[in-house]
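Novice: One structure, as structure tokens, below. Some questions next.
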């Protein structure tokens, strides 16, 4: 039987309560809260992965390129030494003394000694130390290739002449053996 005075029966059978699911004493929004409590909690789907190790490899490669570029800039600015540059040894310093005599007989003066490195037909006179038996220049005549100039020179036994197309470069050396 149905009586409107019984609250337990009224709540079950009243059409208004059936529609909202509310009890007469309840707040009308309570049904919404109850429904949401019964639904499972839905979380957003996880972000798709970027492809496993790919991003890590790309990141390490970019880091390596940055380090190489940084070192190259430091080498270019001469902050770091160039690893490909070989250390050059310093060149030996050669000192030339003003008293060093030229090695050819062209510059021989009286009192100098010369040696023949050629033959009698094709002589090659070079400056030499004045040792016993060496050829010593007794006289020098410039701008001539006439060996008769040596006839009046004391101790003369050998001569050497240089004949050039330019007469100003010609000379004759009158020589004798050093005792």
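Numbering (the working numbering), first residue to last: 11 to 189. Every residue, glycine too, gets a C-beta built ideally from N, C-alpha and C.
1. Does the region 151-160 come into contact with the region 133-143, if we say contact requires no fewer than three beta-carbon pairs (one atom in each stretch) closer than 8 Å?
2. Measure the CB-CB distance between residue 170 and residue 115 and report whether it falls below 8 Å.
3. Can you tell me where the alpha helix (DSSP H) holding residue 80 begins and where it ends?
4. What do you reckon, are the CB atoms on residue 118 and residue 176 nearer than 8 Å?
5. Bridge partners of residue 158, per DSSP?
6. Report the residue from 145, 162 and 39 whose alpha carbon sits nearest the alpha carbon of residue 189.
7. Ends of the beta strand (DSSP E) at residue 150?
8. With distances taken between CB atoms, is the gap from residue 148 to residue 136 smaller than 8 Å?
9. Three-state secondary structure (DSSP) at residue 138?
10. For residue 80, does the count of other Cβ atoms within 10 angstroms reach 16, so buried, or fall short, so exposed?
11. Is it right to say residue 76 is buried, meaning 16 or more other beta carbons lie within 10 angstroms of its own, or is it exposed?
12. Should residue 150 and residue 172 be called a contact, given that it needs their Cβ atoms to be closer than 8 Å?
13. Relative to the C-alpha of residue 121, which candidate in 185, 56 and 51 has its C-alpha closest?
14. Look up residue 117 in the DSSP assignment and say whether it is helix, strand or coil.
15. Return the residue from the list 187, 159 and 127 that minimises the CA-CA distance to residue 165.
16. The beta strand (DSSP E) that contains residue 182, what's its start and end?
17. So, for residue 193: in the same chain, excluding its five sequence neighbours on each side, which residues have a beta-carbon less than 8 Å away from its beta-carbon?
18. DSSP three-state call for residue 177: helix, strand or coil?
Specialist: So, to answer that:
1. no
2. Here residue 170 refers to the residue found at position 160 of the chain shown. Here residue 115 refers to the residue found at position 105 of the chain shown. By the CB criterion at 8 Å, residue 170 and residue 115 fall inside the cutoff.
3. Here the question's residue 80 lines up with position 70 in the chain shown. It spans 64-86 - the alpha helix (DSSP H) in which residue 80 sits, taken as one unbroken run.
4. As a working mapping, residue 118 is identified with position 108 in the chain shown. As a working mapping, residue 176 is identified with position 166 in the chain shown. No. Outside cutoff.
5. For this step, residue 158 is matched to residue 148 along the chain shown. Paired residues: none, contrary to the question.
6. Taking the chain shown and counting its residues from 1, one reaches residue 189 at position 179. Here the closest residue by C-alpha is 145.
7. Within the chain shown, the letter at position 140 stands for residue 150. Unbroken beta strand (DSSP E) run through residue 150: 145-152.
8. Taking the first residue of the chain shown as position 1, residue 148 is located at position 138. Taking the first residue of the chain shown as position 1, residue 136 is located at position 126. Their beta carbons are not under 8 Å apart, which means residue 148 does not touch residue 136 by this criterion.
9. Here residue 138 refers to the residue found at position 128 of the chain shown. Three-state DSSP puts residue 138 in a strand.
10. Translated into the one-based positions of the chain shown, residue 80 becomes position 70. Label assigned to residue 80: exposed.
11. Here the question's residue 76 lines up with position 66 in the chain shown. Taking all protein chains in view, the Cβ of residue 76 is surrounded by fewer than 16 other Cβ atoms within 10 Å, so the residue is classified as exposed.
12. Position 140 of the chain shown, counting from 1, holds the residue named residue 150. Position 162 of the chain shown, counting from 1, holds the residue named residue 172. No. Outside cutoff.
13. Counting from one through the chain shown, the residue named residue 121 turns up at place 111. Here the closest residue by C-alpha is 185.
14. Counting from one through the chain shown, the residue named residue 117 turns up at place 107. Per DSSP, reduced to three states, the secondary structure at residue 117 is helical.
15. For the purposes of this step, residue 165 is taken as residue 155 along the chain shown, with counting starting at 1. From the listed residues 187, 159 and 127, the smallest Cα separation to residue 165 is found for 187.
16. Reading the chain shown from its first residue, position 172 is the one you call residue 182. 181-187 is the span of the beta strand (DSSP E), which, as asked, contains residue 182.
17. Residue 193 falls outside the range modelled here, since the chain spans only 11 to 189, and no answer is possible.
18. As a working mapping, residue 177 is identified with position 167 in the chain shown. Residue 177 sits in a helix when the DSSP states are folded into three classes.
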